[in-house]
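Engineer: Quick one: this structure, given as structure tokens, is what I'll be asking you about.
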Amino acid sequence: MPRLDRAFYARDTLIVARELLGCSLVHWIDGQRVAGQIVEVEAYMGRDDDASHGYRGVTPRNAVMFGEPGVSYVYLCYGIHWMLNVVARPPDADYPAAILLRAVEPTEGLPLMASRREGQPQRLWANGPGRLTRALGIDQTQHGLDMAGRASPLTIEAGLAVPEDQVERGPRIGINVPEPSRSWPWRFWIKDNRFVSKG
DNA sequence: CAATAGATTCACT
DNA sequence: GTGAATCTATTGG
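Okay, so the first sequence: first residue is 0 according to numbering that gives the first Met the number 0, each after it adds one.
So, in structure tokens, the structure goes:
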């Protein structure tokens, strides 16, 4: 399937988040292709969302959130876990925005993934934002890549559209939960998918 | 500078 | 359910 182009990412953040469901996150490691189908995402928009890294303005870490759509935003969380986001915002947006990839279902390069997730059952390989980066071999070196660019080793490819009746939306989970009025519908996941962490 | 919270996961109880 | 692991950006003195 073709990789998602710039125009895909250069739209309303919530629309892009919704449409990322069912697409394939693809990474080439040493000429090997590893991939998973995106089953859970979370949108972070700077202007109204004080949980967003972009809320308080530009810093060295979050700068790409203010820039080109389609660029990867990778950062270390809790000193241990790499989080993978992709910038998604209209070209003229006056706010920073990115979408956190929270879970994928492994589809290609399973032996390589297995070696990176040794001792874990397959259902736990990529069921979580820190787990999927581990499974696919994504870390700081993938920060700032243009995922819409032709040569990027990290990209997202189009998938079959997920029907609306299979999509669920809900609030954040965990420690960083905004006020209820602002906490929905920023998380999207495929209904009944066994890799979705919570619902 | 020192302190702290954090878009989490894992091992253990 | 609870706590540890481990490091960076940000906040406060």
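Heads up, the beta-carbon is just placed ideally off N, CA and C, and yes, glycines get one too. Here the structure is a predicted model, which means the values were calculated and not measured.
1) By Cβ distance, which residues of its chain are closer than 8 Å to A96, with the 5 residues on each side in sequence left out?
2) Does the Cβ of T58 have 16 or more other Cβ atoms within 10 Å, making it buried, or fewer, making it exposed?
3) Kindly indicate which three-state DSSP category E67 falls into: helix, strand or coil?
4) Quick check: T154 and L83, are their CB atoms within less than 9 Å of each other?
5) Could you tell me which residues DSSP pairs with N84 in its beta bridges?
6) In angstroms, rounded to a whole number, what distance separates the CA positions of V25 and P152?
7) Using the Cα positions of V161 and G56, report the straight-line distance between them to the nearest angstrom.
8) With a cut-off of 8 Å on the beta carbons, I'd call V73 and W81 a contact; round off their distance for me.
9) Identify every residue that forms a DSSP beta bridge with M44.
10) Only counting the same chain, and skipping five residues up and downstream in sequence, which positions put a Cβ closer than 7 Å to that of Q141?
11) Would a C-beta distance cut-off of 9 Å place L123 and R116 closer than the cut-off?
12) Among residues of its own chain, excluding the 5 on either side of I189, which ones have a beta-carbon nearer than 8 Å to its beta-carbon?
13) According to DSSP, which residues form a beta bridge with D29?
14) Could you check what DSSP says for V38 in three-state terms: helix, strand or coil?
15) Starting from F7 and walking both ways along the alpha helix (DSSP H), at which residues does that stretch end?
16) Check whether the Cβ atoms of P68 and A150 sit closer than 9 Å, and answer yes or no.
17) Tell me the rounded alpha-carbon separation between R130 and Q139.
18) Taking the alpha-carbon of I79 as reference, which of D49, Q31, P128 and R60 has the nearest alpha-carbon?
Structural biologist: Quick look at the numbers:
1) Sequence-distant Cβ neighbours of A96 in its own chain, meaning closer than 8 Å and more than five residues away, are T12, A42, Y43, M44, G45, S51, G53, M64, V86, A87 and R88.
2) Flag for T58 reads exposed.
3) Coil at E67, not helix or strand.
4) Their beta carbons are not under 9 Å apart, which means T154 does not touch L83 by this criterion.
5) Looking at the DSSP assignment, N84 forms a beta bridge with Y72 and L99.
6) Roughly 8 Å separates the two Cα atoms.
7) Those two C-alpha atoms are separated by around 34 Å.
8) Confirmed, Cβ separation roughly 6 Å.
9) Under DSSP, the beta-bridge partners assigned to M44 are A96.
10) Here the set comprises S71, V73 and L153.
11) A contact, by the Cβ cut-off of 9 Å.
12) So the qualifying residues of the chain are L20, G21, V38, E39, V161, Q165, V166, E167 and V195.
13) DSSP links D29 through a beta bridge to no other residue.
14) DSSP places V38 in strand when its eight states are reduced to three.
15) Where F7 is concerned, the enclosing alpha helix (DSSP H) starts and stops at R5 to Y8.
16) Cβ atoms of P68 and A150: not closer than 9 Å.
17) About 15 Å.
18) Taking only the C-alpha atoms, the option nearest I79 is P128.
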